[in-house]
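A.B. asks: Each residue of the sequence shown is one higher than the last, beginning at 330 in my numbering. This structure is in structure tokens; I'll ask about it shortly.
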Amino acid sequence: MTDATVGEALVRALSAGMTVRVRQVGPHRITTGSIAKLSSYGPTYTLDIKPSVLAPGDDVRSTLYGGGYGGVAGTSFAAPLVAGIYALVGEARGTFDPAILDSVIMGTAEPQFSSHSHYSEGAHDFLSVAQQGADLVKSWEAAHATTLVAPASFAFNDTTNRVSSITLSIKNTADTTVQYQLTHISAKTLYTLDQNYTTRGTEEIDAPVQISLSEDTITLSSGESDTIIISASDPQGVDLERLPLWSGWIAINGSDSTRLTVPYLGLAGSLRGAPVFTPGIKSVLARGRFYEGNVGEGSTVLLRGPPDTTVQHTGLSRRSRARVILTHFVLALGSPEAQIYVVLLDICPDAEIKPIALELDLKRSCVPKTSIIQVGEFQTIGQIANSPFRYIGGRSMKELWDGSLSSGQFAPPGRYKLMARALSIQGDRNIPSDWQVAETTEFVVAYEGTGSAGSA
330 MTDATVGEAL VRALSAGMTV RVRQVGPHRI TTGSIAKLSS YGPTYTLDIK
380 PSVLAPGDDV RSTLYGGGYG GVAGTSFAAP LVAGIYALVG EARGTFDPAI
430 LDSVIMGTAE PQFSSHSHYS EGAHDFLSVA QQGADLVKSW EAAHATTLVA
480 PASFAFNDTT NRVSSITLSI KNTADTTVQY QLTHISAKTL YTLDQNYTTR
530 GTEEIDAPVQ ISLSEDTITL SSGESDTIII SASDPQGVDL ERLPLWSGWI
580 AINGSDSTRL TVPYLGLAGS LRGAPVFTPG IKSVLARGRF YEGNVGEGST
630 VLLRGPPDTT VQHTGLSRRS RARVILTHFV LALGSPEAQI YVVLLDICPD
680 AEIKPIALEL DLKRSCVPKT SIIQVGEFQT IGQIANSPFR YIGGRSMKEL
730 WDGSLSSGQF APPGRYKLMA RALSIQGDRN IPSDWQVAET TEFVVAYEGT
780 GSAGSA
């Protein structure tokens, strides 16, 4: 990037037929044509295609705070660029109809290859639609496109909920008759889970989907439209338990030099039946905000407790005075909703229960039956504060717990364990079997100032 004076001098020199040599000063190198590592993957929990398109957002040459130029990155560059493209294309076309803008912007976008492949190596070297959506935006082509497609993208869902066929509409708005050739471009298939059912990384495999088109050639006069029926079947020889995500594009090439691609995506296997929590990984509890060691089976932890319990209890070792517990549940896929319940292990004898117990009693190391909330096979006293959690990704779900519940009360001193319950992707929250469960070890809760704890 140069200032105006240098730019004008370069233009004059080139116009005069002079040879211009440029020497780059400094280590900065601008790379293009690859997707940034910070860019997010799709699809959505309903297997819709997101991201929709690609735009420059990494290693963008820009002014820097304090002066000078440098490479900057973030969706704060890509997102406003795409918003501006939509605005300009809408103005150029004289319409802001979202369906039309999606059609021309996504349809004219350019699919990107894997960083290690070239066009000559074949269609299977295209990056997954889950990573690039409809691909790299091309605003001029979008503004001047004369062929409209609907929908701008389509999803076949997973094997259990497979859409049998999808109707693709093609309309010619050019002034002349156009003949269209329709072909299928397959992208790399991705294993969502590795062999240990975790989500770290994605393995690319050559397993193209089987696509069927009702027609591969159509001719449309000016203003005429037609429809194509498209169906898909899962790739052969793939491991369904690892949830292979397949995708590609329907390429539409017109005799008037029209070049459009319509992305599609589907999944082999069942999201609803897939494990939410990573199999074989134990859910653990840690002492303190900064992971001061695991909470062992049956050990006692001194928690902060309600605001009025301020006296330090001296019956516990320093290691037991965590003040908070750090929960750690490992999710393989993520979930639309996750809940963490406090499961009680000490129930007060009937003789000790008050006739009407409206609040939990912090002076008694047990819970009355009237306060029990049955969740599946578990007897709980409710969820921890801040629970439930919505739309969490495949990651370690870590939450701090000081003994407080979502009801605003605190769990009485006593023996507990925590139970995380997560809704399967595409599951029905009203169907108990669609919730998956993970448990921690048993532990003992005591509070500062209550005098209700044993030794560590």
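Idealized CB from N, CA, C, for every residue including glycine.
#1: At what residues does the beta strand (DSSP E) containing Ser-391 begin and finish?
#2: Which value, in whole angstroms, describes the spacing of the CA atoms of Leu-465 and Ile-579?
#3: Please classify Thr-496 as buried or exposed, where buried requires at least 16 other C-beta atoms within 10 Å of its C-beta.
#4: Note down, in chain order, each residue of its chain lying with its Cβ closer than 7 Å to the Cβ of Glu-439, except the 5 sequence neighbours on either side.
#5: For Gln-668, write down the residues that DSSP places opposite it in a beta bridge.
#6: Give me the Cβ distance between Leu-787 and Gln-441, rounded to the nearest whole Å; I'm assuming they're in contact under 8 Å.
#7: How far does the alpha helix (DSSP H) with Arg-422 in it extend, from its first residue to its last?
#8: Name, in chain order, the residues that DSSP records as bridge partners for Ser-541.
#9: Could you tell me if Val-419 is buried or exposed, where buried requires 16 or more neighbouring beta carbons within 10 angstroms of its beta carbon?
#10: Ignore the nearest five residues each way along the sequence and tell me which others in Leu-729's own chain have a CB closer than 8 Å to its CB.
#11: Taking 6 Å as the limit between beta carbons, can you name the residues of its chain near Asp-757, skipping five residues before and five after?
#12: According to the neighbour-count rule (16 or more other Cβ atoms, all chains shown, within 10 Å of its Cβ), is Pro-684 buried or exposed?
#13: Rounding to the nearest angstrom, what Cα-Cα distance links Glu-553 and Tyr-593 in this structure?
#14: Which residue wins for smallest C-alpha separation from Ile-534, given the options Pro-564, Asn-486, Tyr-398 and Leu-339?
#15: Determine the direct distance from the alpha carbon of Ser-515 to that of Leu-596, and round the result to whole angstroms.
#16: Tell me the residue span of the beta strand (DSSP E) that contains Pro-592.
#17: Counting C-beta neighbours from all protein chains within 10 Å, is the total for Asn-501 16 or more, i.e. buried, or is it exposed?
#18: Return yes when the Cβ of Pro-573 is within less than 9 Å of the Cβ of Ser-733, no when it is not.
#19: Report the option in Asp-675, Ile-721 and Gln-703 whose CA atom is closest to the CA atom of Gly-663.
#20: Short of 7 Å in beta carbon distance, which residues of its chain neighbour Asp-555, apart from the five on each side in sequence? Order them along the chain.
#21: Hey, could you find the ends of the beta strand (DSSP E) Glu-533 is sitting in?
#22: For Gly-577, does the three-state DSSP call read helix, strand or coil?
#23: Find out if the Cβ-Cβ distance for the pair Ile-669, Ile-701 is shorter than 9 Å.
#24: If you compare alpha carbons, which of Leu-673, Pro-678, Glu-706 and Ser-735 is closest to Thr-770?
#25: Check the C-beta distance from Lys-746 over to Phe-772 and give it rounded, since I have them as a contact under 8 Å.
#26: Should Ser-541 go down as buried or exposed, given a rule of 16 or more other Cβ atoms within 10 Å for buried?
#27: Where DSSP assigns a beta bridge to Ser-498, which residues make up the other side?
#28: Short of 6 Å in beta carbon distance, which residues of its chain neighbour Ser-457, apart from the five on each side in sequence? Order them along the chain.
#29: If you run the structure through DSSP and keep just helix, strand and coil, what is Ile-547?
#30: Would you mind reading off the limits of the beta strand (DSSP E) that contains Leu-343?
#31: Opposite Leu-632 in the DSSP bridges: which residues?
#32: Would you give the residue range spanned by the beta strand (DSSP E) that Ile-721 belongs to?
#33: Does the beta-carbon of Met-726 have 16 or more other beta-carbons within 10 angstroms, so that it is buried, or is it exposed?
#34: In angstroms with no decimal places, state the Cα-to-Cα distance between Gly-403 and Val-389.
#35: Three or more C-beta pairs under 8 Å: does that hold for the segment 482-490 against the segment 409-427?
#36: Measuring only the C-alpha atoms, how far is Pro-427 from Phe-483?
C.D. replies: In short:
#1: 389-392
#2: 16 Å
#3: exposed
#4: Asp-464, Leu-465 and Lys-467
#5: Arg-750
#6: Summary: the structure shown does not reach residue 787, with the chain confined to residues 330 through 785, and so no result is reported for it.
#7: 404-422
#8: Ser-560
#9: First, the amino acid is wrong: residue 419 is Gly here, not Val. By the neighbour-count rule (16 or more Cβ atoms within 10 Å), Gly-419 is buried.
#10: Arg-618, Val-653, Ile-654, Leu-655 and Thr-656
#11: Asp-763
#12: For Pro-684, the pLDDT reaches just 44, beneath the cut-off of 50, and the residue's location in the model is therefore unreliable, although a value from the coordinates is still provided. The residue is exposed, with fewer than 16 neighbouring Cβ atoms inside 10 Å.
#13: 24 Å
#14: Pro-564
#15: 14 Å
#16: 588-596
#17: buried
#18: no
#19: Ile-721
#20: Ile-499, Ile-547 and Leu-549
#21: 532-534
#22: strand
#23: no
#24: Leu-673
#25: 7 Å
#26: exposed
#27: Ala-479 and Thr-556
#28: Ala-516, Lys-517, Leu-519 and Ser-576
#29: strand
#30: Per DSSP, Leu-343 belongs to no beta strand (DSSP E); it is in the alpha helix (DSSP H), 333-344.
#31: Arg-652 and Tyr-776
#32: 718-722
#33: buried
#34: 9 Å
#35: no
#36: 16 Å
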